[in-house]
Structure formats: C-alpha cells, structure tokens
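K.L.:
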Amino acid sequence: MEEPKVKIGLEVHVQLTKLKTKLFCSCPSDYRGKPPNTYVCPVCLGLPGSLPKVNIKAIEYAIMVALALNCKINKRILFFRKHYFYPDMTKNFQITQYDRAGGAPIAINGYLKLNVDGKEKIIRIRRINIEEDPGKLVYPTGSIITSPYTLVDYNRAGIALLEIVTEPDIETPAEARLFLQKLRSILEHLGVCDCSLEGAVRTDANISIAGGGRVEIKNIGSVKDVEKALAYEVLRQKEAFLKGVSVRSETRHWDDVRKVTVPLRVKEEEQDYRYFPEADIPPIIITDDYIEKIAKCMPELPDERIKRFQREYGLPQYDASVLVSNKKLADFFEEAVKLYGGNPKKVANVIINDFLRWLYEKNMRISDVKTEPGDIAELLKLMDKGIISIKIAKEILPEMIVTGKKPKEIVREKGLLRISDEQVLKPIILRVFSKHKKAVHDALKDEKAINYLIGQVMKCTRGRADPVITRNIIVQLLEKIRKGENII
Amino acid sequence: MVTLFSKPAYMLKEEIISESVSIVDLVCKLYERIRKLDPIINAFITLRSEDEVIKEAERKEKEVKKGKAKGLLFGIPIAVKDNISTKGIRTTCGSKILENYVPPYDASVIKFLKDEGAIIIGKTNMDEFAMGSSTETSYFGPTRNPWDLERVPGGSSGGSAAALAAGLAPIALGSDTGGSVRCPAAFTATVGLKPTYGLVSRYGLIAYANSLEQIGPMARNVTDIALLLNVISRYDENDGTSIPGKRPDYVYSAINPYDFKEHLKVGIVSEMFSEGVSEDVKKSVLRVLDKVSGEGVEIDEISLPSLKYALPAYYIIAMSEASSNLARYDGVRYGFRANTDGDWNKVYMETRAEGFGLEVKRRIIMGTFALSAGYFDQYYLRALKVRTLILNDFRRAFKRFHILVSPTMPILPFRIGEKIKDPLAMYMCDIETVPANLAGIPAISIPAGFVNNLPVGLQLMSRPLSEDLLLKVSKMFEDKIGLKDLIAPL
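Next up, the structure:
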C-alpha cells in the first residue's frame, strides 16, 4: 500500500520582543515577570474612549521579516477588527489584519528554503499579519478545567505579534522542526525577537493525511513539541486511515505533560469574526524608498552566514549550518574563534561535539550557559600547549558551562594538569607493571600490548598522564627488563 | 437684557480678566441657578461638588489678582457631555453599564480645556451611548426642553443644549455622530458645530460610531463657538485620525466680515427641503434665507441625488461600528456587572442584558447582523459605497458653492414620549444631519426663528477644514437674523 501523503501547514505567532513598547501604546513590552496588571494604560486596557496609536517600529520590524522571507510587501497597510468575546480580550475584538473585504496583510507570497537531508526544499509563506497579543488567563488552582475561578493579567495585552502562515508544503514533522528552527534563526539574526523567551513564539499546526479532515493543533510552545505533536498526529491519523476510518476536521490541544493531542470542545458552527476595517487607524502608506531603506540596513541572514562560515573559517557545510541554526551559538563561535586565533575547525568541533551535545543531553538552552567564548578559546589553548589532554578538556567543559568558571581555575582546583614529569610518572608506571605482570610479559613480545599498559596508567592518573612521555618511559623500562637490568 | 447667565463667554472672559466679574461669584450664582432649575430640566447627570468648584474658582481668582491669569477660557464654566472622559469625574454615557465608571484619564479635549483655564462644572445628560435624537434613552431619565418643558431638547447632546438654553452654563461640549450636536442646538435655539472629521481629537470620547463622530463646541452664539473651537481643535498625536497642522484663529475669522471680493455662493440643497420636512420648518428657514440674501450673497438651488440613501447608509455604518465599539462592556474590568453565578459567558450575557437599554441593544443587534458573514457585502460594504457617492456629490456641490444650507431638523421639537416607541420615526429626525457625518464635512446649526414659540435651526455646511469660512458666514447670518444669546424664559 502506498504511503499516505502528509500535508502540514504552520501558523507561527511571533512576539516582536525587541520593541521597547507595545503595538498601540507606549507601555513597555518587557512584561515578563512583572506584577500582574502593572504594565497597562487606558489604550491596552481598552478603556472607553482610548484610541490605538501605531508603533511605527513594529511596521519596520514586520517589513524586515517580510523581506527575509522573500515576501511581497503591500504598500497600503490597513488594520481590521476581529470580534470574539473572551476574557483575555480588553475590547472583545482584536486589532489585526485581514485579506478580504478590502483588507490586506502587510506581506504575502513569500518562501523559505530548507535543507532537508542535503536537498533544498521550498516552503511557501502565504501571508504575514501584524496584530496585538491578548492578555493572559491565569488559573490559580490547577488547569483551565479544574480551576474554580480565573484571573486575568493584561500586561501582555497589546504586545506586537506577527502571524506568519505557511502553505501546506511541509511533509514531515522533522521538516516542520527545520522550518521553525530556521525561522527562529532568521528572527534572531534580524534582532526582532528573542525566541528563547517563554511564549515569544507560539505555533498552531494544521495537518491532514491523504485528503482526510484538517486537524489544527493549537498553541504549541516549543519547536521540539511541534515536532512531537505532529509525530503523534501522523501516527494517529495514519492508523485511522489504515483502518479506513475518516479523520474529522477538528481543533486539538497538545498536552505537553502526557505528550498526546486531545480534542478541544467541538464548535457547533463556524466562528463568525465579523471582520471590518479599524477606522481609528488610517491606512499606512509604505513607499518603495522606505522598503529600500530598510532592505539596505538588513543584517546578515542565516543563509549568507553559513556560506561565510564555510568560506572564512573553512568549515564543512554541516558544521556551518549547525552553528548558524542559532544566532547566539553562531555569535559564540565567532567570538571564540577570534579569541583563540588557532584553527576554527577545532573551535567548531568542541562546540558541536562536546558543548552542544552536553546541552542537548541536559535539556539546557544556550542562554542558560555561563561559559564565555573566551573560556572555550582558553580551553583549546591549554590543549595546544599540552597542559591538559583532550580527555580532561571534555571532563571540565560541563563544569565550565554550569558554573562559568575559567578552565584554568577548574584544572588548578582539581589538580588536573597533565603529568609530564618523569619523576612522577615512573613510580606510577612501576605500580602498573607490578599489578599487570601478564601484560608486561605480553608487551615484551608484542609492542601492541604497550597500549594496554598506557591505558592503565591513564586510568590511574585519571587521564592526566602525558601519553607520549608515558610511552617513552614504558618502552625504556621494557628494554631494561629485556636486558635483565634492574628497573627500580 | 443681558444678564450674567446669558452673557457670552468671550465677554465673560474679558470681564474676568478686568476683574469686573468675579469667578467665585459667577460660579456661585450658576450653582444657585442649577439647584433651582436642574431638578426640572435634568440637564446634568453628574454635577461637580460646589465646594470643590468654588475652591478652584478661588485659586483662579487669586491668579487674576496676581495678574497671572492665562488661557483662552480662563475662569469660564463649561458643561461637558457625559461621553467625554474626565479623570476623577464619573463618565456614564447615559448608561447603567457605566453608572459607576470613573475614568483614570482625561480626554484630550479636557486637557486642552484645563490648559486654557476653563472650569468643568459637570457632565450633561445624553441619549444612552449617544444613540437617539431626544435624550430620552438616557438611563438617568429624559432632559426637558427649556423652551417647552413637555418637549424634548433633541439629542443626543440634549443635556448640554438644555444647560445652555436654561442659562446653566455659558458654553458646553457635545459630540456629533449623526447630528447629536446640531439637533439639540436647533431644538433649543442655541448654536452647535460638528467640525471636520479629524479637526478635534476623539481621544477620550467614548465611541459610538468612530468613523463618523466628532466632539463639537456648543454655545449661545457663533463667536463663542469659534472661541471654544480655538481651544479644542489642537492636533493630537493620541488620535491617529487627528489632522496634523496648525489651525487658524477661528474667533478672528468669525468676527471679521466676509470681504465680498468674490460673491458668497450659498446652495440650497433641494433634497433637504423635500418630503419629510414640515412646512413650518421649511417656511421659517426660507424666510431667513430671504433675509440674508442680497448684496454679495447669491443663493441658488442644487441637487445631491445620493442623499436619498444617506439615512440607511448612516444607520448601517453607525450600528455596525457600535456593535464593535460596545463589545468591550462585559463587566470584567470596569462598570456594571450582573450579580450572577456561572461561567464567564453567562456573566457577560447577563451583564449586557441588564446593563444596556433597549435602543442600545437594538443597535448592537442590528449592527452585529450587518457585519455577519453573508450579509457584510450586502449591507456594510454597500453602505460604504453610498458614503463615497455622497462624498462625491458634496465635492461637486462645493465646486459651485461656498456654503450649503438646509433646515437642521425636519420637524419642530416634539413631545417627550411622542416618538420613543417608534424607532423609525426617531431615525427619520436625522435625515438632514447625517450627510455631513458621512462626508466628514463641517456643519453648524444656528437659530433661524421660532414657530409657535418652538425653536427652528438653520444648518450650514462647508468644505472640509473650512471652519473659518463657515463661522464667518454663520456670524454674518446670526447678525442678520438677530437671534443670539437666547435663554428660555423659566
């Protein structure tokens, strides 16, 4: 039986966290961690008589994103009202954009190129909207279902959001992850969004299989969870398809504790949002000059940066892509290369093979890391000078990451400096010889067995013994044994 | 006889500065009169405490004595319609749903008034959320017309107009969405201006239909209108629809006569004198036009055919916008909240069911309907097209005429209760006034005369942002008609 075709489209809500103020008022936008309902004013509270005033910087940021996603930018920006009653809404309508009734989103018809298993794949962008974020509902005891009452915090109300909608060109959950990773990297390179902030990027995913009903999974918080939720849906829907059961169109919720999607209450009828023009905001006219000015000031984007990393640092394409997949990581790498001064590939190796793997295993984010690029440079220099072995380097990296201590400091504290003093090494080697008589016997006949002895010395010194000097001493000692000389 | 209560604000202002009128005395006498008359008229929903106002007056008087008095309206008491937000003074919109709402901020026009030294004495009655033409839909009871207590003062700014006609305040603010300043001005023999859309900031004006409405000055003579317009017509960055740029000195324009280098061309809009307009009103307005015509003033007729669709287009747009603007009243953040158990949906429904009056609910429901999927194109979009047609008709007319004239109201002030049960008849009252809102052009109502002791208003309209000319011509007409600073005999 032919593999059923999977179609996935994403709707990504991106907060423009780098804006100083909200979309329609001058309240500060760094609302996270602030006491509830303190970052509010008559406008974002929707008090009677207040009027929205567009933050032009938000329009500029949206145009930057639109350019980075190769979109066509509309020259006349209109806002619309989208109506629905909900307690997180201060006006019971959301100021957003609309593509019908004379409205137009700020940008349409773009695309993003992905590298899927070495092949280029294009994901089309349908549109980008600018809109306001609603407030936040707080369930003081338990969940949306169990809490007997709900509190509302309007600090988030009015934060500028971009809604980025793709065409259903994505075919696997992994592609969805790649898309989101690349999008995040672009947003961070543009400096419009700190995607690591909680709730800064929220995704709705639409998925249908083999022409079945379209299922929407709402409000997924992380890239990993988008991939997991979609993987779950692929399994669920394929199973239904194979059983001959039709999948119905519905909205589902991603339960990130149980790692399953569950149906939300099915609406009896299609919601009618009664979109109509927001007359309080006159049309904003975008000129070609304005777009050009923004285009000229665009920072380097991920695709260009990957190429530059290959060119400038001689990195393989894979290494460059991994590093640039996250702006903070790429910045970290470049800074470390600069401070190190040696072969950039070595820096890339430490970052990708050791640093990243450790972060991944511990489920840490780059923003949680206390290490500075200079520390990685220092670590590499210590290795180059033979002061520590690669094994020690790997050993102390986690501590550097967690505590932010300098490598030299850790090495000193733990006594991890490489042992290259013959006077120190010789007694250790002799102890190994007396413990492993058979191995010494073998080594006298076959040089390959020497490695075993070196290994034992390493074990005793926790990797600190200088392997070259150790080998030299062992060879000398074996020679003496052969000659029947006293080795002590 | 010019009493203290009928004195124009521009004169009071001079006399306050020259210390021939004491601000404290003025305020005390006004409060005395309000105490006597307002229980009958019901012009105010909220009156500021007399003590507080007298203290403010005393402070201002000290400044006068020190020679530090500054401001275009220094020491002038003003009544403000209760849909204009005033920090610390409750602002109800004539509705139960905002019965206890005290705004934490001032509307921009209120800031401007305070900057210029005006003294806000209270908040005036109005149709609930400005939806009505009689001030009868107010949750706080109807306002009576000082010229005939059995009749309505017009609406929705009926409280402000009645306060002026009863001598309870020298100047007032109203708001005009479809005639709400001009209608009560006509019914009370006072003057009311609806400015060009965008001339006066709407920041803080509680929205009914935001693409149509403007805050407007109300007074008993044209010069005071100009004076008040000078104060409130500043550009305001808090209102995205506020028109940038400097405004002319409207008082200077009003009091300096038309130079007649070019004949003043006045157009009679024929559609506005046709069916639905009572013979009494028509005659009275035409008689006035006779009076003003002559040397340098050419009067001719013009037809604006699209006006026959103005009323339905107006109501579709206004109700659609109202259904959106009034969605925020849910009892969560401020205002009335129904005392009920249940989920938020139930609380919302009961709050809105109990908090809004009948006319408001009618308009929300009809507006919601007009914006619904499947009806949107047929109603809302079509109404917008009519709006464009009307705008084009006016543009065409203003190529030929400086000023267009019509009756302000098609009928004389009617009896309280006469039309309240018949919404369509009430809506028909706005037939002369809504075109100016749809086109965004300035329009003013000035007293034209009396029929059976009931006031009749004359409406003058002009090109966008030509308030200077409009006020100049209105002043000229006012002088020729000879009706100004009128106070109803009470």
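Note that the protein sequences, when read in sequence, are chains A and B.
Mapping the first sequence onto my numbering, position 191 (from 1) lands on 205, and the numbers just tick up by one.
Mapping the second sequence onto my numbering, position 272 (from 1) lands on 274, and the numbers just tick up by one.
Heads up, the beta-carbon is just placed ideally off N, CA and C, and yes, glycines get one too.
#1: Hey, is the segment 216-229 of chain A in contact with the segment 261-281 of chain A, meaning 3+ C-beta pairs nearer than 8 Å?
#2: Measure the alpha-carbon distance for E282(A) versus N106(A) and round it to whole angstroms.
#3: Of the residues that make up the segment 288-300 of chain A, which ones have a beta carbon closer than 7 Å to any beta carbon in chain B?
#4: Could you check whether F46(B) and G156(B) sit closer than 7 Å to each other, using their CB atoms as the reference points?
#5: Using 8 Å as the threshold, is the segment 376-384 of chain B in touch with the segment 296-304 of chain B, meaning 3 or more CB pairs across them?
#6: Using a Cβ-Cβ distance under 7 Å, would K105(A) count as near chain B?
#7: Less than 7 Å between C-beta atoms, sequence neighbours within five positions excluded: which residues of the same chain meet that for V471(A)?
#8: How would you call Y205(B), buried or exposed, if buried means at least 16 neighbouring beta carbons within 10 angstroms?
#9: What does the alpha-carbon distance come out to for the pair L207(B) and N240(B)?
#10: Confirm, please, whether the CB-CB distance from Y210(B) to F131(B) is below 7 Å.
#11: Any chance the segment 387-405 of chain B sits against the segment 447-456 of chain B, with 3 or more Cβ pairs inside 8 Å?
#12: Using three-state DSSP, classify T225(B) as helix, strand or coil.
#13: For N212(B), return the contacting residues in chain A, with the cut-off set at a CB-CB distance below 7 Å.
#14: Buried or exposed: which applies to D167(A), given that a residue is buried once 16 or more other Cβ atoms fall within 10 Å of its Cβ?
#15: Mark H265(B) as exposed unless 16 or more other C-beta atoms lie within 10 angstroms of its C-beta, in which case mark it buried.
#16: At 3 residues or longer, what runs of the beta strand (DSSP E) sit wholly inside the segment 361-422 of chain B?
#17: Does E282(A) come out as helix, strand or coil in the three-state DSSP assignment?
#18: Does the Cβ-Cβ distance between K196(A) and D218(A) come in under 7 Å?
#19: Check distances from the C-beta atoms of the segment 190-221 of chain B to those of chain A and list, in chain order, the residues that come in under 8 Å.
#20: Is it true that the CB of L473(B) sits closer than 7 Å to the CB of Y252(B)?
#21: Assuming the contact rule is C-beta atoms closer than 8 Å, I184(A) and E145(A) should be a hit. Round their C-beta distance to whole Å, please.
#22: In whole angstroms, what is the alpha-carbon distance linking P172(B) and E118(B)?
#23: Is there contact here, the segment 132-152 of chain B with the segment 18-35 of chain B, by at least three beta-carbon pairs under 8 Å?
#24: Tell me the rounded alpha-carbon separation between K86(A) and K321(A).
#25: Give, in chain order, every residue of the segment 337-350 of chain B whose Cβ lies closer than 9 Å to some Cβ of chain A.
#26: Among the candidates N147(B), L373(B), V202(B) and G134(B), whose CA atom is the shortest distance from the CA of P415(B)?
#27: If we ignore side chains and look at the alpha-carbon of each, how far apart do S458(B) and A441(B) end up?
#28: Per DSSP, which one or two residues make a beta bridge with A479(A)?
#29: At a Cβ threshold of 7 Å, is H27(A) touching chain B?
#30: Buried or exposed: where does P197(B) fall if 16 or more other Cβ atoms within 10 Å of its Cβ makes it buried?
#31: Mind listing the chain A neighbours of Y107(B)? Cutoff is C-beta to C-beta under 7 Å, in chain order.
#32: Identify the residues that DSSP records as bridge partners of K83(B): which are they?
#33: Anything in chain C within Cβ reach of V334(B), meaning under 8 Å, just list it in chain order.
#34: Starting from the N-terminal side, write out each stretch of the alpha helix (DSSP H) that is 4 residues or longer and does not extend beyond the segment 3-49 of chain B.
#35: Among P144(B), E480(B) and G369(B), which has the Cα closest to the Cα of I42(B)?
P.N.:
This is what the structure gives:
#1: Yes, the segment 216-229 of chain A touches the segment 261-281 of chain A.
#2: Note that E282(A) scores 48 on pLDDT, short of 50, meaning its location in the model is unreliable; the coordinates nonetheless yield the value given after this. Going from the Cα of E282(A) to the Cα of N106(A) covers about 21 Å.
#3: Using a CB distance below 7 Å, the part of the segment 288-300 of chain A facing chain B consists of R288, F290, A293, D294, I295 and P296, ordered along the chain.
#4: no
#5: no
#6: yes
#7: I442, I443, V446, A479 and T484
#8: buried
#9: 12 Å
#10: yes
#11: no
#12: helix
#13: Contact note: N212(B) reaches chain A through A293 and D294, using a C-beta cutoff of 7 Å and chain order.
#14: buried
#15: exposed
#16: 405-409
#17: In this prediction, E282(A) has a pLDDT of 48, which is less than 50 and means its spatial position is unreliable; nothing more can be read from the coordinates.
#18: no
#19: R204, Y205, G206, L207, I208, A209, N212 and S213
#20: yes
#21: Not confirmed; about 23 Å, so no contact.
#22: 16 Å
#23: no
#24: In this structure, the alpha-carbon of K86(A) lies about 25 Å from that of K321(A).
#25: G337, W346, N347 and Y350
#26: N147(B)
#27: In the sequence as presented, Ser is not what sits at residue 458(B); that position holds Val. Distance between V458(B) and A441(B), taken at the CA atoms: about 24 Å.
#28: I433(A)
#29: No, H27(A) does not count as interfacial toward chain B.
#30: buried
#31: P56
#32: T126(B)
#33: No chain C appears in the structure shown, which is made up of the protein chains A and B.
#34: 11-19 and 25-43
#35: P144(B)
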